[in-house]
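**Q** Numbering (my numbering), first residue to last: 29 to 435.
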Ligand code: ADP
Ligand code: ASP
Ligand code: MG
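Structure follows, in structure tokens:
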């Protein structure tokens with residue numbers, strides 16, 4: 029009998045009808061396998077809770093925010109356990125803390141440190157379906173923590189690793205990982221397989237179908253992840269390790285991230301220690317910087333630009349305005365709304381001219397590139413937000429991603 033961890037995302041459990049649908053899917057699986065089922069909060073519950081907190085205060089205390097956000101998943105586990113029991117199955121729900129998912133103390137983006145899952149194992153031994161709340165854990169200080177947005181994926185993968193499950197199935201509102209967001213690119217193609225490194229880049233660069241940290245975890249512990257539809261029975265996409273002889277297309281996927289902001293600090297004195305001072309100050313405010321560009325120096329001055337999640341933008345601007353004054357820079361300009369569009373593919377390792385082809389495609393469409401970054405298997409450009417969808421479709425066309433060899 030195989031042990032399977034299944035995870036159902038927010039849209040799959042958005043209302044009672046959908047929860048009953050999930051219960052039916054779980055019952056089918058439970059007929060021949062041991063099942064652990066991880067669930068997200070219903071629909072847009074996490075967004076609503078976040079908005080509630082911000083109606084109380086612009087800067088909620090992170091401990092209290094986690095206390096609030098963790099309630100979302102607790103509602104779903106209870107309802108799903110009831111639905112399963114109603115269908116005649118033995119089922120029991122567990123919060124992250126009851127499942128012994130231990131984390132560090134980094135409220136709102138805690139990292140998992142250990143999972144013993146004793147009560148989950150006991151439930152399985154007793155022939156029950158264990159229903160576990162995603163996205164939450166218990167810190168070393170015995171506080172409720174959350175694992176960052178999309179964190180239920182991480183709960184599922186980490187439980188699969190801890191329990192040595194045969195597979196971790198991620199059920200969502202699309203039937204797999206596509207060459208681009210299928211809601212934006214109509215001719216995007218479902219990938220039969222995608223390797224960890226590609227999936228990690230795609231997730232980090234905006235393909236929110238899997239949380240990036242969950243992919244990192246899956247790669248580290250060799251968990252096979254199967255992304256599939258909670259509404260259709262068809263097989264989805266397998267996320268696995270790279271194998272010799274796999275067909276290599278140059279570009280596997282095109283991703284976009286419209287949740288970014290950009291700040292430039294102008295006419296910064298160009299001397300040792302300045303970058304450390306600027307980035308030290310924003311790191312102290314817990315702002316995670318993504319891309320950084322520094323221009324070549326003219327007359328002893330330079331400009332620096334960088335991007336960050338939009339949510340951190342206001343905090344970063346106020347900190348930088350202070351720093352700009354103290355180091356004698358000219359000032360700070362910012363754009364709260366930029367988009368990052370990227371191409372990803374392990375095939376890029378052995379091909380040249382890929383970036384040039386991307387820039388040419390943007391030039392033809394009159395899209396100005398503001399920043400560029402590259403890794404071994406990805407090229408990303410920051411552009412004006414209004415061009416994001418056009419840019420994704422253009423790249424999907426130019427690189428013929430929709431026609432690649434399905435693997
Ligand atoms: P869940 O609530 O199940 O966790 P998410 O909304 O987090 O689901 O992720 C699924 C969404 O990811 C899809 O609806 C789709 O719009 C988006 N998405 C973005 N890029 C991709 C991609 N390359 N392949 C599939 N889905 C993608
Ligand atoms: N409910 C959380 C979120 O919306 C976790 C998740 O759905 O994965 O981010
Ligand atoms: Mg998700």
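Idealized CB from N, CA, C, for every residue including glycine. Fair warning: this is a prediction, and the values are worked out from it, not measured in the lab.
#1: Would you mind working out which of 254, 260, 240 sits nearest residue 40, comparing C-alpha positions?
#2: In its own chain, which residues sit with a C-beta less than 7 Å from the C-beta of residue 91, not counting the 5 before and 5 after it?
#3: Thinking C-alpha only, which one of 280, 45, 238 is nearest residue 178?
#4: Between the Cα of residue 121 and those of 327, 401, 68, spot the shortest distance and give me the residue it belongs to.
#5: Nearer than 8 Å: is that true of the beta carbon of residue 34 relative to any heavy atom of ligand 2?
#6: Is it a yes or a no for the stretch 401-415 touching the stretch 244-260, going by three-plus beta-carbon pairs under 8 Å?
#7: Closer than 8 Å by C-beta to residue 133: which residues in its own chain qualify, once you throw out the five before and the five after it? Chain order, please.
#8: Classify residue 237 as helix, strand or coil using the three-state DSSP reduction.
#9: Could you check which residue in 98, 322, 399, 83 has the C-alpha nearest to that of residue 289?
#10: Check residue 117 in the structure and name its three-state DSSP category.
#11: Is it right to say residue 431 is buried, meaning 16 or more other beta carbons lie within 10 angstroms of its own, or is it exposed?
#12: Tell me residue 293's beta-bridge partners as DSSP assigns them.
#13: What residue from 424, 292, 309, 65 has the CA that sits closest to residue 106's CA?
#14: Rounded to whole angstroms, what is the Cα-Cα separation between residue 30 and residue 58?
#15: What residue ranges within the stretch 211-287 form continuous alpha helix (DSSP H) runs of no fewer than 4 residues, ordered along the chain?
#16: Considering only the alpha carbon of each residue, which of 264, 233, 211, 294 lies closest to residue 219?
#17: Measure the C-alpha to C-alpha separation of residue 187 and residue 389 and round it to an integer number of angstroms.
#18: Would you identify the three-state DSSP class for residue 365, choosing helix, strand or coil?
#19: Does the beta carbon of residue 99 come closer than 9 Å to any beta carbon on chain B?
#20: Between the stretch 360-370 and the stretch 221-236, are three or more C-beta pairs nearer than 8 Å?
#21: My guess is that residue 344 and residue 310 are in contact by the Cβ rule of under 8 Å, so how many angstroms apart are they, rounded?
#22: Is the number of C-beta pairs between the stretch 240-253 and the stretch 284-298 that are closer than 8 Å three or more?
#23: Could you tell me the boundaries of the alpha helix (DSSP H) in which residue 48 lies?
#24: I need the boundaries of the alpha helix (DSSP H) containing residue 392, first residue and last residue.
#25: May I have the straight-line CA-CA distance separating residue 98 from residue 365, to the nearest angstrom?
#26: Between residue 51 and residue 357, what straight-line distance do the alpha-carbon atoms span, to the nearest angstrom?
#27: Does ligand 1 have even one heavy atom less than 8 Å from the beta-carbon of residue 216?
#28: Do residue 353 and residue 208 come within 9 Å of each other at the CB atom, strictly closer than that value?
#29: Determine the DSSP secondary structure at residue 173, reduced to helix, strand or coil.
#30: Helix, strand or coil for residue 399? Go by DSSP, reduced to three states.
#31: Quick one: is residue 404 buried, meaning 16 or more other Cβ sit within 10 Å of its Cβ, or exposed?
#32: In the structure shown, what three-state DSSP assignment does residue 72 receive?
#33: Assuming residue 199 and residue 256 form a contact by the criterion Cβ under 8 Å, report the distance between their Cβ atoms to the nearest whole angstrom.
#34: What does residue 39 pair with, by DSSP beta-bridge criteria?
#35: Quick check: what's the CA-CA separation for residue 149 versus residue 161?
**A** In brief:
#1: 260
#2: 135, 171
#3: 238
#4: 68
#5: no
#6: no
#7: 167, 168, 169, 171, 173
#8: coil
#9: 399
#10: coil
#11: exposed
#12: 332, 360
#13: With distances taken between CA atoms, residue 106 lies nearest to 65 out of 424, 292, 309, 65.
#14: 10 Å
#15: 224-232, 240-249
#16: 264
#17: So the alpha carbons of these two residues sit roughly 43 Å apart.
#18: Looking at residue 365 - three-state DSSP - the assignment turns out to be strand.
#19: No chain B appears in this structure, which consists of one protein chain only.
#20: yes
#21: 5 Å
#22: No: the two stretches stay apart, fewer than three of their Cβ pairs being nearer than 8 Å.
#23: 44-58
#24: 382-392 is the extent of the alpha helix (DSSP H) around residue 392.
#25: 29 Å
#26: 60 Å
#27: yes
#28: no
#29: Assigned with DSSP and collapsed to three states, residue 173 falls in strand.
#30: In the structure shown, residue 399 sits in a strand (DSSP, three-state: E or B).
#31: exposed
#32: Three-state result, residue 72: coil.
#33: 6 Å
#34: Paired residues: none, contrary to the question.
#35: 15 Å
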